[in-house]
Each structure stands twice: as C-alpha cells, then as structure tokens.
Amino acid sequence: MRRLAAVLAVIVLSAISQAQNSKPTLADAQEFMKNAEARLSELSVKGNRAGWVQENFITDDTEAISADANDEISAATTELVEQAKRFDGLKMPPDLARKFLLLRLSLTAPTPKDPVLRKEMTKIAASLDADYGKGKYCKASGECLDISSVETKMAESRDPQELLDLWKGWHTIGPPMRDRFARFVELSNQGAREMGFKDTGALWRSGYDMPPDAFSADLERLWNQVRPLYLSLHTYVRAQLVKKYGPNVVPPDGPIPADLLGNIWAQDWTHIFPILGLPENSRGYDLTELLKEKNLDAKGMVKYGEGFFTSMGFAPLPKTFWERSLFTKPADRDVVCHASAWDIDNQDDLRIKMCILVRDEDFITVHHELGHNFYQRAYKSQPFLFENGANDGFHEAIGDSIALAVTPEYLKKVGLLDKVPPPEADIPLLLQQALDRVAFLPFGLLIDQWRWKVFSGEIKPADYNKAWWELRKKYQGVAPPVERTEADFDPGAKYHVAANVPYTRYFLAHILEFQFYRAMCKAAGYTGPLNRCTFYGSKEAGAQFNKMLEMGQSKPWPDALEAGTGERQIDGSAIIEYFAPLQKWLDEQNKGQKVGW
Ligand code: X8Z
Ligand code: ZN
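Now the structure itself:
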C-alpha cells in the first residue's frame with residue numbers, strides 16, 4: 005500500500021511539474037508583460053523621485069536613498085529578464101515582441117544577479133554621480149570653483165596661463181573616481197553577460213533596431229559624411245589661434261591644445277568667436293547681449309523656450325513645471341548643475357534642473373531640455389516600455405532642432421531683436437553656429453568609442469588616460485595642454501562618464517536635428533536658404549513633428565523618422581546643406597593651410 009501511494013505521489017508531482025514546464029501560451033506572455041510593465045512603471049516613479057532629490061540636495065543620505073531605489077529597479081528588471089527567457093521562441097505579435105526586446109535593453113547599467121554585487125554596483129554609480137556634482141577646483145589660495153565658474157572663466161579668459169590653470173584644476177576631480185570606475189566596468193559587464201550580451205558596450209549598441217555591428221558601421225558612414233566639414237572648421241580655427249597665441253603655443257600643423265577653445269572639454273567652441281578674425285559686429289547681434297538688454301532672468305529664458313513650442317500648437321507646460329523645476333544654482337548646497345529634463349511620474353510631472361546663466365549657450369540648452377519634456381509628454385499615453393525616444397539620439401535632437409529655428413527672423417518676431425541683419429551676416433552667423441554644432445561632432449562620437457573599448461576590455465585600466473587622448477587626437481585633433489599620465493583620469497571630468505550616460509546619442513542628435521529642422525521648414529512652407537528658416541508659429545510643422553513624438557519607442561526608429569520627416573535613414577545631407585555656404589567660405593580662407601594634424 006505504501007509503495008502504491010509513493011508511486012501515485014510521483015505520478016501526480018510529475019504531472020504538476022509538466023504543467024509548469026509546459027510551453028507558455030501567448031496569453032501567458034501578455035499577462036507577464038502587463039504585470040512587468042506595471043511593476044517597472046511604479047518602481048521608475050520611485051527611482052525618479054529619489055534621483056531628483058539626490059541631484060538637487062547632494063548628501064550622504066540622498067545618495068544612499070537613490071542608490072537603494074536604483075538597486076530595486078535593477079533587481080526587478082534583472083529578475084524579469086530572467087523570467088522572460090521562458091517565452092523565447094514563442095510567436096508573438098510585433099508590439100509584444102518589441103516589449104520583450106526593450107525590457108532586455110532597458111538598463112544602461114546592467115547589474116549582476118548576485119545581490120551583494122548588485123548593491124556594490126548601484127552604490128558606486130550613485131557615488132560617482134555625486135562626486136561629479138560636488139566636484140570643485142580648489143586653488144592654493146583656498147578659493148574653490150565649481151563647474152559653472154570654471155565654464156564661465158574658460159569661456160571668457162584669453163590668458164593661456166589662466167586657461168591652463170583652470171583646465172588642470174577641473175581635471176583634478178577625475179583621479180579619485182578611477183578605481184571605482186574600473187570596478188563599475190567589471191560589475192556592469194558581469195550583469196550584461198548574465199543577460200546574454202558580450203559586454204555593456206554591446207548592450208548599448210543593441211538599442212538601434214539593427215545588429216550592433218551594423219550600427220557601428222552606420223556611425224562610420226555618418227562620420228565620413230561630416231568629417232570634411234569638421235576638418236574645414238578645424239583648419240580655420242587653428243590658423244586663427246596661431247595668430248592669437250603664436251606658433252609656440254598652437255602648432256600650425258598639429259592638434260589644438262584643448263584648453264584654448266573656450267570650453268573645458270573643447271566640445272563647444274562658440275565662446276571663441278571674438279578671436280576668429282571677423283569684425284566685431286559682423287553677426288549683426290550678440291544673443292547674450294540681447295538677453296541682458298531685456299533684463300531676462302533664468303525663468304524668462306525658459307518662458308521663451310516654452311513659447312516656441314506653444315506657437316507650434318503644443319500645450320503649455322503644467323503649473324507644477326514652474327513650481328518644481330530648478331532654474332538657478334542654489335547658494336547654500338551642492339547640486340548636479342549639469343542640465344537635465346525629468347518626467348517624474350511618466351505623465352505630467354515634468355521638470356528641468358539646470359543652473360541657468362543669462363547667455364546664448366544656455367538659451368540653446370533651455371530649448372534642448374524642453375525638447376525632452378515635450379517629447380515625454382507627447383508619448384505619455386504609450387505603454388510603459390514604449391515611453392521613450394524612438395532611439396536615444398531622437399530624444400537629444402528634439403529641442404536642438406527647435407533651437408536651430410532661433411534665427412534673427414525669430415528673434416525679431418518675439419521682440420528680442422530690432423533689425424534682422426543683412427545677408428552679409430550669414431557667414432559670421434553660420435560660423436557661430438558651426439562652432440557649436442560642427443565642432444561638437446567628433447567629441448560626440450569619441451566618448452563611446454573610448455567607453456565601448458573600455459567595456460570590451462580592449463582598453464585596460466592601465467591605459468585609460470592614454471587611450472582617451474589617442475581618441476581625442478584622432479577624432480577631434482586636440483591635445484592635452486600639459487603632459488598626462490595614468491595618475492590622471494581625464495574621462496571622469498566629463499559628466500556623462502561619471503554618471504554613466506551613453507554618449508553616442510549626442511552624435512546622432514547633431515545629425516538628426518538638421519533632418520528634423522529641414523523637414524519642419526518644409527512643412528511650414530519655407531523655401532529660402534536653410535540657415536534663415538524659422539518655423540515659429542507653424543501649426544503644420546508642429547502637427548507633423550507631433551506625429552513622430554507621440555509614437556515614442558513603439559515602432560523601430562525608421563518608422564518614427566518617416567512619420568516626422570518622410571525619410572527612413574539617418575543622413576548627414578541636411579547638416580551639409582545647412583553649412584554649405586560656410587564650408588565654401590572656410591575652404592577659401594584655408595587655401596595654403598595644412599588640413600589635419
Ligand atoms: O548633456 C547634455 C544635455 C543634457 S541631456 C545638456 N548635452 C551634452 C553635453 O553637455 O555634453 C547636450 C549636448 C551634449
Ligand atoms: Zn539632453
């Protein structure tokens with residue numbers, strides 16, 4: 005009898021386990037995804053609140069709270085990715101299959117399954133972000149400069165000694181991050197491998213609706229398209245800097261010292277316009293001056309940004325945006341000043357956090373950040389996993405494409421400028437624009453060329469800094485202004501490395517934004533030269549743009565691109581067309597000069 009009972013028990017148990025192992029159905033997958041999205045959505049709100057507080061009030065406690073919240077998100081995501089494996093091979097409708105794909109890609113810092121290692125990693129991530137936010141250059145005199153002061157001084161000073169001192173000073177924030185960064189790379193790679201990726205870089209490259217290698221090849225194609233334009237600009241700027249500082253400081257046929265370009269990372273050269281050999285008033289106006297003349301404050305600048313979007317038919321920002329955003333640097337505490345846009349509840353609680361200065365560069369950045377917020381609101385009715393940019397480059401390009409439409413004609417329309425400058429001002433205005441958008445291109449590309457190799461192990465910690473400068477020379481044609489060694493960790497002095505934000509998105513954005521801009525000009529019925537087009541007030545342009553925005557990440561990005569522009573490829577022809585008159589002019593000026601370094 006006993007034996008029979010035992011046999012029966014075995015039979016029953018094996019039937020139960022068979023039922024559990026039996027092939028899951030489509031209904032199971034739908035149910036799983038519904039629950040997964042609900043759980044992640046709730047955790048993301050918690051994570052956003054913790055992140056907001058941490059970056060607005062940097063203390064040991066807020067750092068710990070934020071690390072905990074991220075730990076919870078990572079734990080849940082890793083667990084869901086693991087559980088989702090049982091649906092591998094199940095035939096699903098494209099929408100659902102896309103959600104499973106996006107779930108696997110959703111962590112930019114994939115964590116190991118082991119909770120001890122996972123906690124170690126989320127703590128490191130929070131501490132690096134906080135270190136950057138707290139970062140200061142403290143001089144021997146005891147005076148300390150935060151990033152806003154360093155940036156202002158780098159923009160204004162023309163004294164090579166002072167520039168060098170500021171450059172070296174800011175880069176002292178890097179070395180203390182080095183060991184934690186290396187450990188972060190190890191742990192995150194372990195997490196990526198456990199999810200089935202070769203390493204974290206491979207995971208990042210998988211987010212573009214094509215195989216990761218095809219994406220790398222596409223970047224190369226785009227870079228080759230715009231590289232000649234960059235070289236023309238580099239050659240002209242270098243020749244002018246040789247005139248200003250002499251051949252002993254700036255080698256006429258070598259890379260440009262990275263501290264002379266008006267920006268601590270040499271990624272945006274707009275501030276050196278006055279030393280580039282053009283007459284002082286050649287642009288017809290100086291946006292910084294206009295903003296100051298109008299006595300605009302930080303909030304006033306954001307109001308102008310909002311006004312551009314509403315003129316195109318977008319609804320105004322909610323009241324809470326104005327109550328909860330941070331527009332100016334608080335005097336009494338450390339905050340992460342690096343500008344960012346937030347969508348706290350994945351619905352209407354939109355905010356920006358930015359230490360705005362009344363100057364042209366920040367006017368553009370305000371539009372950049374609002375672009376994120378208007379995108380977020382446009383896709384808020386999508387399911388949770390589709391609440392994102394078509395790809396991350398789209399998210400970065402929205403506000404920038406609006407900022408391109410901040411032309412003299414626009415400034416006149418909104419009462420910031422009295423008289424539109426004559427056509428002769430076009431070259432100076434285009435040069436000004438190129439110092440921002442074209443100078444940035446190689447920088448936008450190289451950060452992740454470095455990080456992808458760091459994640460793959462091709463660049464070892466012992467070569468972090470050497471490899472960094474090799475890439476900066478190769479792509480940007482800049483050199484460190486003073487000898488560097490492996491006691492330095494210069495990548496850590498850039499926010500996105502410290503905060504683990506992927507960077508290729510900005511390279512893509514700087515190409516896409518011209519495509520968006522050209523398409524909106526067309527939608528607005530504009531037919532003149534591209535660089536003078538504004539679509540301020542065009543409801544047609546707004547409606548067309550919105551078609552792309554409201555899709556979020558629900559479809560592969562070429563579908564979204566098509567909805568917004570009629571094109572299916574990311575392509576440099578719009579940026580080339582925009583700058584064509586300038587490139588012709590630059591090449592005439594550059595006759596007889598060596599191109600490259
Ligand atoms: O980080 C940003 C934005 C926030 S997403 C201000 N940008 C990059 C940078 O500052 O390095 C915009 C341009 C490139
Ligand atoms: Zn951005």
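Letter by letter, the sequence shown follows residues 5 to 601 of our numbering.
Backbone N, C-alpha and C define an ideal beta-carbon position, used for all residues, glycine too.
Original post:
What three-state label does DSSP hand arginine 355 in the structure shown?
Top reply: Your numbering for residue 355 matches position 351 in the sequence shown. DSSP places arginine 355 in strand when its eight states are reduced to three.
Original post:
Starting from serine 153 and walking both ways along the alpha helix (DSSP H), at which residues does that stretch end?
Top reply: On the sequence shown, residue 153 is found 149 positions in, with the first residue counted as 1. That run of the alpha helix (DSSP H) goes 151 to 160.
Original post:
Going by C-alpha distance, which of Tyr521, Ala218, Gln597 and Trp273 is nearest glutamate 571?
Top reply: Indexing the sequence shown from 1 puts residue 571 at position 567. Closest by alpha carbon: Tyr521.
**OP:** Say whether the region 221 to 233 touches the region 574 to 590, bearing in mind that this needs 3 or more beta-carbon pairs closer than 8 Å, one atom from each stretch.
**Re:** yes
**OP:** Run the proximity test for alanine 42: is its beta-carbon closer than 7 Å to any non-hydrogen atom belonging to ligand 1?
**Re:** Within the sequence shown, the letter at position 38 stands for residue 42. Not so, every heavy atom of ligand 1 lies at least 7 Å from the Cβ.
Original post:
Exposed or buried, which one is glutamine 165 when buried takes at least 16 other CB atoms within 10 Å?
Top reply: Residue numbering aside, residue 165 sits at position 161 when the sequence shown is read from its first letter. The residue is exposed, with fewer than 16 neighbouring Cβ atoms inside 10 Å.
Subject >> Cα-Cα separation between leucine 84 and aspartate 183, rounded to whole angstroms >> reply: Stepping through the sequence shown from its first residue, residue 84 is reached at position 80. Stepping through the sequence shown from its first residue, residue 183 is reached at position 179. Roughly 31 Å separates the two Cα atoms.
Subject >> alanine 345 - containing beta strand (DSSP E), residue span >> reply: Counting from 1 along the sequence shown, the entry for residue 345 is found at position 341. Taken as a continuous stretch (DSSP letters only), the beta strand (DSSP E) holding alanine 345 covers 344 to 347.
Original post:
For histidine 372, which residues of its own chain have a beta-carbon under 7 Å away from its beta-carbon, when the five flanking residues on both sides are left out?
Top reply: Here residue 372 refers to the residue found at position 368 when the sequence shown is read from its first residue. Taken in chain order, the residues that qualify are Gly403, Asp404 and Ala407.
Subject >> Sheet register partners of isoleucine 260 (DSSP bridge) >> reply: Sequence index remark: in the sequence shown, residue 260 carries index 256 (1-based). Val482, per the DSSP bridge assignment.
**OP:** Report buried or exposed for glutamate 517, applying the criterion of at least 16 other Cβ atoms within 10 angstroms of its Cβ.
**Re:** Here residue 517 is taken as the residue at index 513 of the sequence shown, counted from 1. Glutamate 517 is buried by the Cβ-count criterion.
Subject >> Straight-line gap, threonine 314 to valine 505 (C-alpha atoms, nearest Å) >> reply: As a position in the sequence shown, residue 314 is number 310, starting the count at 1. As a position in the sequence shown, residue 505 is number 501, starting the count at 1. Distance between the alpha carbons of threonine 314 and valine 505: 30 Å.
Original post:
Of the choices Pro116, Glu198 and Arg355, whose alpha-carbon is the least far from that of leucine 330?
Top reply: The count along the sequence shown starts at 1 and reaches residue 330 at position 326. Cα-wise, what sits closest to leucine 330 is Arg355.
Original post:
What residue range is occupied by the uninterrupted alpha helix (DSSP H) comprising alanine 497?
Top reply: Reading the sequence shown from its first residue, position 493 is the one you call residue 497. No alpha helix (DSSP H) holds alanine 497; DSSP gives it neither H nor E.
**OP:** Could you name each continuous alpha helix (DSSP H) segment of 4 residues or more that falls completely within the region 516 to 565, going from the start of the chain to the end?
**Re:** 543 to 553
**OP:** Take the Cβ of glutamate 59 as the centre, count every other Cβ of all protein chains shown within 10 Å, and call the residue buried at 16 or more, exposed below.
**Re:** Translated into positions along the sequence shown, residue 59 becomes position 55. Glutamate 59 is buried by the Cβ-count criterion.
Subject >> asparagine 535 and aspartate 440 closer than 8 Å at C-beta >> reply: Here residue 535 refers to the residue found at position 531 when the sequence shown is read from its first residue. Here residue 440 refers to the residue found at position 436 when the sequence shown is read from its first residue. No, these two residues do not count as a Cβ contact at 8 Å.
**OP:** Would you mind reading off the limits of the alpha helix (DSSP H) that contains glycine 448?
**Re:** Position 444 of the sequence shown, counted from the start, is the residue given in the question as residue 448. That run of the alpha helix (DSSP H) goes 430 to 460.
**OP:** Quickly, what does DSSP pair cysteine 148 with across the bridge? List them, please.
**Re:** Within the sequence shown, the letter at position 144 stands for residue 148. DSSP lists Cys142 as partners of cysteine 148.
**OP:** Under 8 Å by Cβ, that's how I've got alanine 33 and glycine 51 pegged, so tell me the actual separation to the nearest angstrom.
**Re:** Here residue 33 refers to the residue found at position 29 of the sequence shown. Here residue 51 refers to the residue found at position 47 of the sequence shown. No, alanine 33 and glycine 51 are not in contact; Cβ-Cβ is about 26 Å, not under 8 Å.
**OP:** Indicate the three-state DSSP secondary structure (helix, strand or coil) for leucine 168 in the structure shown.
**Re:** Here the question's residue 168 lines up with position 164 in the sequence shown. DSSP places leucine 168 in helix when its eight states are reduced to three.
Original post:
Going by alpha carbons, who is nearest to lysine 357 out of Ala302, Val410 and Leu109?
Top reply: Numbered from 1 along the sequence shown, position 353 holds the residue referred to as residue 357. Here the closest residue by C-alpha is Ala302.
**OP:** Using only the heavy atoms of ligand 1, determine whether one of them is closer than 7 Å to the beta carbon of tyrosine 530.
**Re:** Translated into positions along the sequence shown, residue 530 becomes position 526. Tyrosine 530 Cβ: outside cutoff for every heavy atom of ligand 1.
Original post:
My guess is that aspartate 492 and glycine 178 are in contact by the Cβ rule of under 8 Å, so how many angstroms apart are they, rounded?
Top reply: The residue labelled residue 492 in the question sits at position 488 within the sequence shown. The residue labelled residue 178 in the question sits at position 174 within the sequence shown. Right, their Cβ atoms sit about 6 Å apart.
Subject >> Contact under 8 Å by Cβ, glycine 556 with aspartate 396 >> reply: Mapped onto the sequence shown, residue 556 falls at position 552. Mapped onto the sequence shown, residue 396 falls at position 392. For glycine 556 and aspartate 396, no; Cβs fall outside 8 Å.
Subject >> Three or more C-beta pairs below 8 Å linking the region 408 to 421 and the region 524 to 538 >> reply: yes
Original post:
Beta carbon of proline 484, beta carbon of alanine 262: below 8 Å?
Top reply: For this step, residue 484 is matched to residue 480 along the sequence shown. For this step, residue 262 is matched to residue 258 along the sequence shown. Contact: yes.
**OP:** Consult DSSP for leucine 330 and reduce its assignment to one of helix, strand or coil.
**Re:** For this step, residue 330 is matched to residue 326 along the sequence shown. Residue state, collapsed to three classes: strand.
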